[in-house]
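Protein sequences, first through last, are from chains A and B.
Residue numbering for the first sequence is 804 to 1097, as defined by the working numbering.
Residue numbering for the second sequence is 804 to 1097, as defined by the working numbering.
Just so you know, even glycine gets a beta-carbon here, dropped at the ideal spot from N, CA and C.
Structure first, then comments.
Protein chains: 2
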Amino acid sequence: MPEKIGFVGLGIMGQPMVGNLLKAGYKVFAYDVMEALVERAVAIGAVRAGNPGDAAARAEMVITMLPETSIVEKVILGEDGVLSGLQPGGIVVDMSTTSVLATRRIAAAVKELGRRMLDAPVSGGDVGAAEASLAIMVGGPAEAFQEVLPVFQKLGKNITHVGDSGSGQIAKACNQVVVALTIEAVAEALVLAKKSGADPAKIRQAMLGGFAQSRVLELHGRRMLERNFTPGGKVRLHKKDLEIVMEVAREVGAYMPGSAMMCQIWNSLSALGGLDWDHSSVVKAIEMLSNVEL
Amino acid sequence: MPEKIGFVGLGIMGQPMVGNLLKAGYKVFAYDVMEALVERAVAIGAVRAGNPGDAAARAEMVITMLPETSIVEKVILGEDGVLSGLQPGGIVVDMSTTSVLATRRIAAAVKELGRRMLDAPVSGGDVGAAEASLAIMVGGPAEAFQEVLPVFQKLGKNITHVGDSGSGQIAKACNQVVVALTIEAVAEALVLAKKSGADPAKIRQAMLGGFAQSRVLELHGRRMLERNFTPGGKVRLHKKDLEIVMEVAREVGAYMPGSAMMCQIWNSLSALGGLDWDHSSVVKAIEMLSNVEL
């Protein structure tokens, strides 16, 4: 069971996660390219690391929480990267949402050097990170999962070992497909209600009691009615996630007409200047082409 | 509070509903065009009615539970129809899923004759009907809703007065949009999982813990994995419901790209001979074009 953890990526997700690890008594060696973020982590008790390799060398495992695949690849495999410092038997846990194919490639490189890797993307956003209530979907060797499980339990609540390397990323990709399309469905339904002369708030209430129930209807349905598009989960990130899905679908040959449609809607929100809006703003695109506002 | 209820339409939904009303102590005057269905109702304690008008004349309110709009229209407004027998102040409660526009038209005709109408479509299928756990979405005059509420409470659990005439049907239409697209989303996600080499059952489990949670993921996700396409909710009926949605969308000017896509998928299931499969069989169309089975 690790006591010292390297942590690379101290942004909107990483920062509160580091806080939870420190609170649980772990020693955390923190690194980010942005010096201000490192200082903020040091202020709450983390130890400054000089680069990802340094964070890895001083710890038994390293968590990465980064915005995109190319950065994860560089941080783990690149110069002064995690692999340059990680001790034999050490574990790198990538909690970013990244490409399944790249994850498998990185995991193979890590294994070749006698280290281990878990892919462990999360669902729940910055609120879940702060409250340590993230859903964590994990791929990689079972015994590495068991070793890291106590750490995961300080960061989240629903922790599933899905399968081999890449499986965590596949689960996250699937999750993002379902969430995106459910948001779109709720948006269409509420706009239809409004255009038909009914009260969308009452319709949402009626639907929550039936088979249409979902967490998205509950939380994002309310957001749509309250016009609360402050993120939360940004369009920018969900858009990236669906682009990863389309990449995998192309590679493995999966027919995904709904996800393809969603990519078009994200493109539209990008055109509307909404990349930093909450992803429930899908309703804005549906409203705009229906010439109505909820 | 009514004690005598006319009931027209004794099929897969109507039959168990009549049973629940009889159990609750109501006197039920039952009619269906199929004599065998009337006999089955009489066998459990209902009184035979000669036609919809007769059922109405002997009761204080009449429930209709019929397969399509044109039949509802004929049963209520036609020769020997409900309106020909219903006493002044009587209430007709259409619990079928029918066109919003037709419902408003029928309700206006009913009102003109000094009777009252509620549209009260349900969600929950034959299981919900049998267990008296239907979600009931009600449109029409508030005081008629209050009078009928004790009867609704013998038939279902989540009972919402949504608004004016037609609002119940709008709520049901919205409900069917959300359910259809959520099924499609779950189907795409599980197929992607399978094609990517992960275990769809574990992916479903992981998703249930996060923001992708929904009743559809829980129940229909399991159906897809178990290949259990015995209805349940038939493709035939959900297809009809989305066609009603498209009709309303065209009329009021609502942009519904996801619902339009769903109609194409229902068309494909029809081509595959699946009109009487459970609606979770959406996954079969996604599987077929992905050349895989879960």
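Distance between beta carbons of residue j and residue i, contact taken as under 8 Å
| i | j | result |
| --- | --- | --- |
| V1055 (chain B) | S999 (chain A) | 5 Å |
| D897 (chain A) | M864 (chain A) | About 11 Å separates the two Cβ atoms, so there is no contact after all. |
| Y1058 (chain B) | S1093 (chain A) | 5 Å |
| S1083 (chain A) | I986 (chain A) | 6 Å |
| V903 (chain A) | V811 (chain A) | So it is not a contact: roughly 21 Å between Cβ atoms. |
| V1038 (chain A) | L1072 (chain A) | 5 Å |
| E876 (chain A) | I909 (chain A) | 6 Å |
| S873 (chain A) | Q1016 (chain B) | In fact, because the Cβ distance is near 31 Å, the residues do not count as touching under 8 Å. |
| N961 (chain A) | A976 (chain A) | Not confirmed; about 17 Å, so no contact. |
| V980 (chain B) | E991 (chain A) | 6 Å |
7 Å Cβ shell around residue i - same chain, five flanking residues per side excluded
| i | result |
| --- | --- |
| G966 (chain A) | G942 |
| A947 (chain A) | I894, R919, L921 |
| L887 (chain A) | A small correction: the amino acid at residue 887 (chain A) is Ser; Leu does not occupy that position in the sequence shown. Closer than 7 Å at the Cβ level, and outside the excluded window around S887 (chain A), lie G856. |
| L1011 (chain A) | L1020, E1021 |
| V841 (chain A) | L813, A833, Y834, D835, R851 |
| G1036 (chain B) | G928, D1081, H1082 |
| V982 (chain B) | V1019 |
| I847 (chain B) | G822, L825 |
| L880 (chain B) | L886, I909, A912 |
| G1013 (chain B) | none |
Interface residues of chain B facing residue i [CB-CB closer than 7 Å]
| i | result |
| --- | --- |
| P1060 (chain A) | M1064 |
| I973 (chain A) | A996, S999, A1001, I1006 |
| M940 (chain A) | A1009 |
Cross-chain neighbours of residue i in chain A, by beta carbon under 7 Å
| i | result |
| --- | --- |
| L1020 (chain B) | V981 |
| K1005 (chain B) | T963, V965, G966 |
| I1089 (chain B) | Y1058 |
Interface partners of residue i on chain B, CB under 9 Å
| i | result |
| --- | --- |
| Q890 (chain A) | Going along chain B, no residue has its Cβ under 9 Å from Q890 (chain A), so there is no contact; the nearest lies around 30 Å. |
Listed by chain order, chain A residues near residue i by CB distance under 9 Å
| i | result |
| --- | --- |
| D1002 (chain B) | V965, G966, S970 |
| N978 (chain B) | A992, I1006, A1009, M1010, G1013, F1014, A1015 |
| A852 (chain B) | Here the premise fails: no neighbours, minimum Cβ distance about 30 Å. |
| A935 (chain B) | Chain A residues near A935 (chain B): none, gap ~14 Å exceeds 9 Å. |
| V1051 (chain B) | L995, K998, S999 |
Which of helix, strand or coil DSSP assigns to residue i
| i | result |
| --- | --- |
| G809 (chain A) | strand |
| I894 (chain A) | strand |
| R1039 (chain A) | helix |
| G959 (chain B) | strand |
| R851 (chain A) | strand |
| F948 (chain A) | helix |
| V930 (chain B) | helix |
| M1064 (chain A) | helix |
| S1017 (chain A) | strand |
| V925 (chain A) | strand |
| V954 (chain A) | helix |
| D1002 (chain B) | coil |
| D1044 (chain A) | helix |
| A858 (chain A) | helix |
| L889 (chain A) | coil |
| V1095 (chain B) | coil |
| L1075 (chain A) | coil |
| T771 (chain B) | Not covered by the structure: residue 771 (chain B). The range shown for chain B is 804 to 1097. |
| A1009 (chain A) | helix |
| N978 (chain A) | helix |
| R1030 (chain B) | coil |
| S936 (chain B) | coil |
| T900 (chain A) | coil |
| G817 (chain A) | helix |
Cross-strand partners of residue i (DSSP beta bridge)
| i | result |
| --- | --- |
| V941 (chain A) | A:H964 |
| K1087 (chain B) | Its beta-bridge partners do not exist; DSSP assigns none. |
| R919 (chain B) | B:I894 |
| V1099 (chain A) | Nothing in the structure corresponds to residue 1099 (chain A), since chain A is present only between 804 and 1097. |
| F832 (chain B) | B:G809, B:V850 |
| D1081 (chain A) | A:K1037 |
Residues of its chain near residue i, where Cβ-Cβ distance is below 6 Å and the 5 sequence neighbours each way are ignored
| i | result |
| --- | --- |
| E1034 (chain B) | Sequence inspection shows Pro at residue 1034 (chain B); the Glu mentioned does not correspond to that position. Answer for P1034 (chain B): D1081, listed in chain order. |
| A859 (chain B) | G809, V865, V885, G888, L889 |
| F832 (chain A) | G809, V850, A852, A858, R861, A862 |
| G1077 (chain A) | V1038, S1084 |
| G1061 (chain B) | L984 |
Contacts around residue i, its chain only, beta-carbon distance under 8 Å, and the 5 residues preceding and following it disregarded
| i | result |
| --- | --- |
| A911 (chain B) | S968 |
| K1043 (chain B) | E871, T900 |
| P819 (chain B) | D929, A932, A933 |
Where residue i meets chain B, residues with beta-carbon distance less than 8 Å
| i | result |
| --- | --- |
| L984 (chain A) | L984, T985, E987, A988, E991, G1061 |
| N1094 (chain A) | G1056 |
| V1048 (chain A) | L995 |
Closer than 8 Å at the beta carbon, the chain A residues around residue i
| i | result |
| --- | --- |
| V903 (chain B) | S999 |
| R864 (chain B) | At residue 864 (chain B) the sequence reads Met, which differs from the Arg that was named. Ordered by position in chain A, no residue passes the 8 Å Cβ test against M864 (chain B), which lies about 21 Å from the chain. |
| G927 (chain B) | G1013, F1014 |
Proximal residues of chain E, C-beta to C-beta of residue i below 9 Å
| i | result |
| --- | --- |
| A844 (chain A) | Here chain E cannot be found, since the structure's protein chains are A and B. |
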